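Final position of the sequence shown in numbering that gives the first Met the number 0 is 343; the numbers increase by one with none missing.
Where is the CB? At the ideal position from N, CA and C, for every residue including glycine.
Fair warning: this is a prediction, and the values are worked out from it, not measured in the lab.
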Amino acid sequence: MITFNGVDKSFTENRKAVKGLSFTIERGEFFVLIGPSGCGKTTTLKMINRLIDASSGTITINGSPHTDVDIHELRWNIGYVLQQIALFPHLTVAENISVVPEMKKWKQKDIERRVDELLDLVGLDPATYRDRLPEDLSGGQQQRIGVARALAGDPDIILMDEPFSALDPLVREQLQTDIKALQQRIKKTIVFVTHDMREATILGDRIAMMEEGELQQVGTAEELQQNPATPAVSAFMGRYSSQRNLTLKEVFTPTEKSEYIQPKFDTHLQHVQFIVDEHGKSFTTINDGAKQQTVDAIDHSSSIKAAFRFLESNELAAVPIQENGKIIGTVSYKDLARVSIDNQ
Ligand SMILES: Nc1ncnc2c1ncn2[C@@H]1O[C@H](COP(=O)(O)OP(=O)(O)O)[C@@H](O)[C@H]1O
Ligand SMILES: [Mg+2]
0 MITFNGVDKS
10 FTENRKAVKG
20 LSFTIERGEF
30 FVLIGPSGCG
40 KTTTLKMINR
50 LIDASSGTIT
60 INGSPHTDVD
70 IHELRWNIGY
80 VLQQIALFPH
90 LTVAENISVV
100 PEMKKWKQKD
110 IERRVDELLD
120 LVGLDPATYR
130 DRLPEDLSGG
140 QQQRIGVARA
150 LAGDPDIILM
160 DEPFSALDPL
170 VREQLQTDIK
180 ALQQRIKKTI
190 VFVTHDMREA
200 TILGDRIAMM
210 EEGELQQVGT
220 AEELQQNPAT
230 PAVSAFMGRY
240 SSQRNLTLKE
250 VFTPTEKSEY
260 IQPKFDTHLQ
270 HVQFIVDEHG
280 KSFTTINDGA
290 KQQTVDAIDH
300 SSSIKAAFRF
310 LESNELAAVP
320 IQENGKIIGT
330 VSYKDLARVS
340 IDNQ
């Protein structure tokens, strides 16, 4: 658990880069810091591993001020992945990954085992990649090594500062999917900086939005969207969800068996399960059976905006889509959020 208590940082006398930051990141959480360029995201992140020290206020990790811990100890136990792919160019992949375990004086055998395990974990075949130099890897592969290196010393916390923003969109999307799956598997606390709301929505358990050095709101993507706490959040989310004239036909997830579908969506708010009866009527179960509610499927020709409104007013995370009275698929809040950002 990482807690900021009234943290300020000034680089110059008359201006605070971040002001009065107070928030808590839970253990095992995927926590995203978002906001426009210059709002203080990197400064906030770097204060966690003391690459930058706060001017006032305190930061605690698992209850103790992190300034009580030896600074090297602290850094070894916090993985760090940067936007600029920052591998050591003259070291092999294995040597790059081994840096922290070697500083921690692990046994050579354990280090070798760890390198192979991590390469597997980030989706690269150890035998193929362990002895390569960074220059013989694609940008996406280098960033995977960056992630492996950050995990090498088995840290509890991983900080990631716009790690995928230099990559092309397809590679970026794949890495987003992979890092999310990886985090769910290894259950580390990840603090992830981005200025991309779509990325934040895909990855974040919770999102903290900053503007001009101040925290605006912490919540799930849905909470920020539905109940923006400040005009800055509202404007940011409004830009993000400004809809085009797309219809659901372009974005829904088709289902094979139109007479009976049972997709399940896990969101932070609710579990949603659709059951379609023989008359094509769909039942939506929320919170794993705690509450059952019948919703009408929405027509595939509806607009994205109408679908957003429908989900919001019914407090649903997803809804079935119908064409000529037949259920043809589903669309989730996240599906909609993705197309909105894609089409800005
Ligand atoms: N080392 C520094 N010296 C002076 N000003 C800095 C320094 N680092 C960041 N700043 C200023 O602090 C503010 C926040 O920067 P930063 O945390 O890098 O923003 P972000 O990561 O959100 O783009 C900016 O106004 C930036 O110019
Ligand atoms: Mg930054």
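N- and C-terminal bounds of the beta strand (DSSP E) containing residue i
i	result
R205	R205 to E210
G122	Here G122 belongs to no beta strand (DSSP E), and DSSP marks it neither H nor E.
A16	R14 to I24
K325	K325 to S331
A296	Run containing A296: none; DSSP gives neither H nor E here.
K8	I1 to T11
P227	Run containing P227: none; DSSP gives neither H nor E here.
Start and end residues, alpha helix (DSSP H) containing residue i
i	result
N66	The question names Asn, but residue 66 is Thr in the sequence shown. Here T66 belongs to no alpha helix (DSSP H), and DSSP marks it neither H nor E.
E213	That residue, E213, is in no alpha helix (DSSP H); its beta strand (DSSP E) goes E213 to G218.
E198	M196 to L202
I33	It is not in any alpha helix (DSSP H) - I33 instead sits in the beta strand (DSSP E) that spans F29 to I33.
K40	K40 to I47
S36	Neither: S36 is in no alpha helix (DSSP H) and is coded neither H nor E.
S312	I303 to S312
Option in the options with minimal Cα separation from residue i
i	options	result
I157	I60, G34, S9 and A316	I60
L132	A296, I96, I77 and L44	I96
R205	E28, E322, I1 and K8	E28
T41	V114, V190, Q216 and L73	V190
R129	D115, K15, L120 and V121	D115
H299	H71, T329 and Q142	T329
A53	G62, K15 and R112	K15
A317	F251, N323 and S301	F251
T91	Q83, G78 and T127	T127
K186	N13, F30 and Q142	F30
E322	A305, S301 and E314	S301
V146	P35, E134, I77 and A296	I77
D109	E221, P319 and A93	A93
F10	F3, L32 and G37	G37
G139	D67, D124, Q173 and R112	Q173
Q175	G122, R113 and K104	G122
V98	W75, Q83, D119 and R112	W75
N313	E221, M236 and G237	E221
I178	W105, E111, L120 and R308	L120
Cβ-Cβ distance between residue i and residue j below 8 angstroms
i	j	result
A85	L117	no
L20	L214	yes
I303	L247	yes
T193	E161	yes
M46	R26	no
A336	R171	no
K18	G218	no
R49	L81	no
G56	G5	yes
A231	E210	yes
Q142	L166	yes
I320	A305	no
T23	L32	no
G34	M159	no
I144	P253	no
R113	P125	no
I51	F3	no
Residue i, buried or exposed, once every other Cβ within 10 Å from all chains shown has been counted against 16
i	result
L169	exposed
P154	buried
M102	exposed
Q107	exposed
R148	buried
H267	Because the pLDDT at H267 is just 37, under 50, the model does not fix this residue reliably, and the value given afterwards should be weighed accordingly. The residue is exposed, with fewer than 16 neighbouring Cβ atoms inside 10 Å.
H89	exposed
G203	buried
A234	exposed
F163	buried
H65	buried
S331	buried
K8	buried
D334	buried
G324	exposed
F70	Position check: residue 70 holds Ile in this sequence, whereas Phe was assumed. With fewer than 16 other Cβ atoms within 10 Å, it is exposed.
Q183	exposed
Q216	buried
E249	exposed
G237	exposed
F87	exposed
Contact with chain D by residue i, beta-carbon distance below 8 angstroms
i	result
F29	This model lacks chain D altogether, as it is built from one protein chain only.
Proximity test, residue i beta-carbon vs ligand 3 heavy atom, cut-off 7 angstroms
i	result
D160	Here the bound small molecules are ligand 1 and ligand 2; ligand 3 is not part of this structure.
### Message
For a minimum of 3 consecutive residues, which ranges assigned as the beta strand (DSSP E) are wholly contained in the segment 138–180?
### Response
156–160
### Message
Quick check for students: name the residue ranges of the beta strand (DSSP E) that lie wholly in the segment 75–125, counting only runs of 3 or more.
### Response
The segment 75–125 contains these whole beta strand (DSSP E) runs: 77–80.
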